[in-house]
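Enquirer: With positions in the sequence shown counted from 1, the corresponding number in my numbering is that position plus 1185. For each residue, glycine too, the CB sits at the ideal point set by N, CA and C.
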Amino acid sequence: MAVHVTAWDDRDRAGGGRAPTAAPALFVHNIFTWGSDSTYGFAGQRPLADSRRLLLMDRQGYGDSPDTARSDFDVDAEDIMEVLGDEASAVRFGGAHLVGHGNGAVAALIAAARRPDLVRSLALVQPSAFTAAAHHPVVAGLLDRVRDGAPGIPDGVTPEQYLRASTEGLGMAMPEPTSRRLRAVATSMEERPVWEAEIPLEVIRGAALPILVICGTWERAPAAYREHVGLPLMAVAESLTDSLGGRLLRVPGYYPHTQEPAVVNAALREFWG
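1. Buried or exposed for Asp1264, please, with buried defined as at least 16 other CB atoms from any protein chain shown within 10 angstroms of its CB.
2. Kindly indicate which residue of Arg1300, Arg1196 and Ile1338 has the alpha-carbon position closest to the one of Pro1209.
3. Is Met1242 buried or exposed, if buried means 16 or more other CB atoms sit within 10 Å of its CB?
4. Throw me the rounded Cβ distance for the His1286 and His1442 pair, which I believe falls under 8 Å.
5. Taking Leu1309 and Val1398 to be in contact with their CB atoms under 8 Å, please state how far apart those CB atoms are, rounded to whole angstroms.
6. Helix, strand or coil, according to DSSP, for His1320 in the structure here?
7. Alpha carbon to alpha carbon, how far is Glu1445 from Pro1362? Give it in angstroms, no decimals.
8. Given that a residue counts as buried once 16 or more other Cβ atoms are within 10 Å of its Cβ, and exposed if not, what is Ile1338?
9. Ignore the nearest five residues each way along the sequence and tell me which others in Arg1332's own chain have a CB closer than 8 Å to its CB.
10. What is the residue span of the beta strand (DSSP E) that Gly1341 lies within?
11. Of the residues Ile1384, Ser1373 and Leu1294, which one's Cα is nearest the Cα of Pro1395?
12. What residue range is occupied by the uninterrupted alpha helix (DSSP H) comprising Gly1391?
13. Measure from the alpha carbon of His1189 to the alpha carbon of each residue in Asp1257, Gly1341 and Glu1267, then state which is nearest.
14. Check Thr1191 in the structure and name its three-state DSSP category.
15. If we require 4 or more residues per run, which alpha helix (DSSP H) segments fall completely within the region 1249 to 1307?
16. To which residues of the same chain is Ser1373 closer than 6 Å at the C-beta, ignoring the five residues directly before and after it?
Structure, rendered in structure tokens:
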């Protein structure tokens, strides 16, 4: 397998045994992080392992997965399909529940379109699927800026400097710059831009997958972060919910699954059934 996957299964410890009807769930992370990370990843979703097997994929270049010259959502989608294909129980249960955050949600959307038979449901946490909402004025403005050559990362900027600018520079706390974190940041700095992604919305609609979109309300976010990141992400969440016939859950804050894990976990439990 091309990527590392952390598996959590606490059903025996929870006393409920290994329910044969519980389909597994695969989580795909965003930038600056890895699957089991407590800062930006899915560590807060560990309680869900009391009722089903959780799989946390480290995308290439992140966590315990191998290095890559350039992280790419299309490659991530292939890796997702490989993980799901290797998880024999996913097929037995009619697919696994797929959860993606940010750029990981873009890869999850592409994977679900390519192999809907492996996906039982799709939960998208603040998906960065900007091209799928290009008609929205806020998103269109963002896409115009980046496509017209908005300033990229200057030469010579180190991962630590980039991490600081992306957090403290926007009024947020900077996580400890461990080697693991800085490797994730370095991969993120070279990641293929998500505005190059083509999201096959019609294919996903045709697959009739249950869709849950989770988005922060952003009222507590630093002003610059809310304006440049939050507003476009909220617009994408609303647009995807409408175009895919899904359900939208608004959660206080701007990092729903880490800031409000109990709310998100309760929503996932209900969604998965």
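Expert: Here's the rundown:
1. Position 79 of the sequence shown, counted from the start, is the residue given in the question as residue 1264. Buried: at least 16 other Cβ atoms inside 10 Å.
2. As a position in the sequence shown, residue 1209 is number 24, starting the count at 1. Checked all of Arg1300, Arg1196 and Ile1338; the closest Cα to Pro1209 is Arg1196.
3. By 1-based counting over the sequence shown, the position of residue 1242 is 57. Buried.
4. What you label residue 1286 is simply residue 101 of the sequence shown in a count that begins at 1. What you label residue 1442 is simply residue 257 of the sequence shown in a count that begins at 1. Yes, His1286 and His1442 are in contact; Cβ-Cβ is about 7 Å, under 8 Å.
5. Indexing the sequence shown from 1 puts residue 1309 at position 124. Indexing the sequence shown from 1 puts residue 1398 at position 213. Sure, about 5 Å apart at Cβ, within 8 Å.
6. Here residue 1320 refers to the residue found at position 135 when the sequence shown is read from its first residue. Coil at His1320, not helix or strand.
7. Translated into positions along the sequence shown, residue 1362 becomes position 177. Translated into positions along the sequence shown, residue 1445 becomes position 260. So the alpha carbons of these two residues sit roughly 24 Å apart.
8. By 1-based counting over the sequence shown, the position of residue 1338 is 153. The residue in question, Ile1338, is exposed, as its Cβ has fewer than 16 Cβ neighbours within 10 Å.
9. Stepping through the sequence shown from its first residue, residue 1332 is reached at position 147. So the qualifying residues of the chain are Trp1380.
10. Within the sequence shown, residue 1341 is the residue found at index 156, counting from 1. Segment: none, Gly1341 is in no beta strand (DSSP E) and carries neither H nor E.
11. The residue labelled residue 1395 in the question sits at position 210 within the sequence shown. Nearest of Ile1384, Ser1373 and Leu1294 to Pro1395, Cα basis: Leu1294.
12. For the purposes of this step, residue 1391 is taken as residue 206 along the sequence shown, with counting starting at 1. Run containing Gly1391: Leu1386 to Ala1392, per the alpha helix (DSSP H) assignment.
13. Translated into positions along the sequence shown, residue 1189 becomes position 4. Minimum Cα distance to His1189 is reached at Glu1267.
14. For the purposes of this step, residue 1191 is identified with residue 6 of the sequence shown, where counting begins at 1. Three-state DSSP puts Thr1191 in a strand.
15. 1258 to 1271, 1273 to 1277 and 1288 to 1299
16. Against the sequence shown, residue 1373 aligns to sequence position 188. Contacts found: Ile1216 and Phe1217.
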